[in-house]
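Just so you know, the working numbering puts the end of the sequence shown at 531, numbered straight through with nothing missing.
Just so it is clear, CB atoms sit at the ideal spot from N, CA and C, and this is done for glycine as well.
Please read these numbers as outputs of a predicted model, since none were measured by experiment.
The block underneath contains the structure these notes are about, expressed in structure tokens.
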Amino acid sequence: MAYTQFKKLDQLRKAFGIEETQGRWLPTTLPSVKISNHLLENLRDAEEESLRTEKAKSEYVIAPILKELRRNNPNKFSTFSGFEMSVDKSRGLTGFCDFLLSAIPRKAEITAPIFCLVEAKKDDVEKGTAQCGAEMYAAKLYNEQEGRPRKIIYGCVTTAFSWCFLKLEDNTLFIDPNYVPLTFTNPQPVLATLQWVLDEGLKNE
């Protein structure tokens, strides 16, 4: 069993005692963030592509958004794409993660993960939340094993155009039902939310 085998939130409750609650936990208003011409050009290029696969959406939309976040926050965090995070194989907490952000910059190996991003398969965000929750729980255990415990782990499931944000606090998985939209011409809502989540994650010891 691996992270991808978690498809229902009830699996998290049975396996790890994680309870799920849905409700608004993100701020209703966020300050604007800088958006570079480079990102806008990338998104214009993406609009001309056929984004029918998860790989295409990842390459043309999701990765450029995370790169923009990094440009706006130099030397503050590391990004890991397609890395394996194996914490407890016996409980299915193993596998490759689409994207992880860690609180330690310029690292070649995963250190202090604070944010897990899962690409929704077949645009099914709901199924992706269970996988993301499992990865977030694994990140929590990973930090504890490394002597870097963190009170909250953040996560997101995205189709590239709808972004569902989650947070794991203690053993409760909070899912914000207000998906954050992204369009080719307006990445501001997603970038502003990611910036807030990053700021919270970096100060959350």
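Asked, Found
"GLU379 burial status per 10 Å Cβ neighbour count (16 or more: buried)", "Checking the sequence shown, residue 379 turns out to be Thr, not Glu. That one is exposed."
"Cα-Cα separation between LEU369 and THR511, rounded to whole angstroms", "7 Å"
"For LYS433, the residue or residues it bridges with in DSSP", "None, per the DSSP bridge assignment."
"In DSSP terms, what GLY459 is bridged to", "Paired residue(s): none; GLY459 is not in a bridge."
"Residue span of the alpha helix (DSSP H) that contains PHE342, given as start and end", "335–342"
"Short Cβ contact (8 Å threshold) for PHE422 with GLU435", "no"
"Helix, strand or coil at VAL359 according to DSSP, with G and I counted as helix", "coil"
"Bounding residues of the alpha helix (DSSP H) (the contiguous stretch that carries GLN331)", "First-last for GLN331: undefined, no H or E at that position."
"Opposing strand residues paired with TYR480 [DSSP bridges]", "PHE441, LYS493"
"6 Å Cβ shell around PHE406 - same chain, five flanking residues per side excluded", "LEU426, ILE436"
"CA nearest to the CA of LEU443, picked from PRO431, LYS340, ALA456, SER412", "ALA456"
"Reference THR330, options SER416, LEU517, CYS458, ASP525, closest by Cα", "CYS458"
"Sheet register partners of GLN348 (DSSP bridge)", "ILE501"
"Distance CB(GLN471)-CB(VAL359) smaller than 8 Å", "no"
"Environment of GLU345 [buried if 16+ CB atoms lie within 10 Å]", "exposed"
"Any non-hydrogen atom of the ligand COA closer than 7 Å to ILE501 Cβ", "Questions concerning the ligand COA fall outside what the structure shown contains, since it holds no ligand whatsoever."
"Sequence-distant residues of its chain with Cβ nearer than 6 Å to GLY481 (five each side left out)", "CYS442, CYS458, MET462, LEU492"
"Same chain, Cβ closer than 6 Å to ILE388, neighbours up to 5 away in sequence not counted", "ALA486"
"Coarse secondary structure for SER407, derived from DSSP in three states", "strand"
"Among GLU526, VAL413, PRO513, TRP351, nearest to ASN504 - alpha-carbon criterion", "TRP351"
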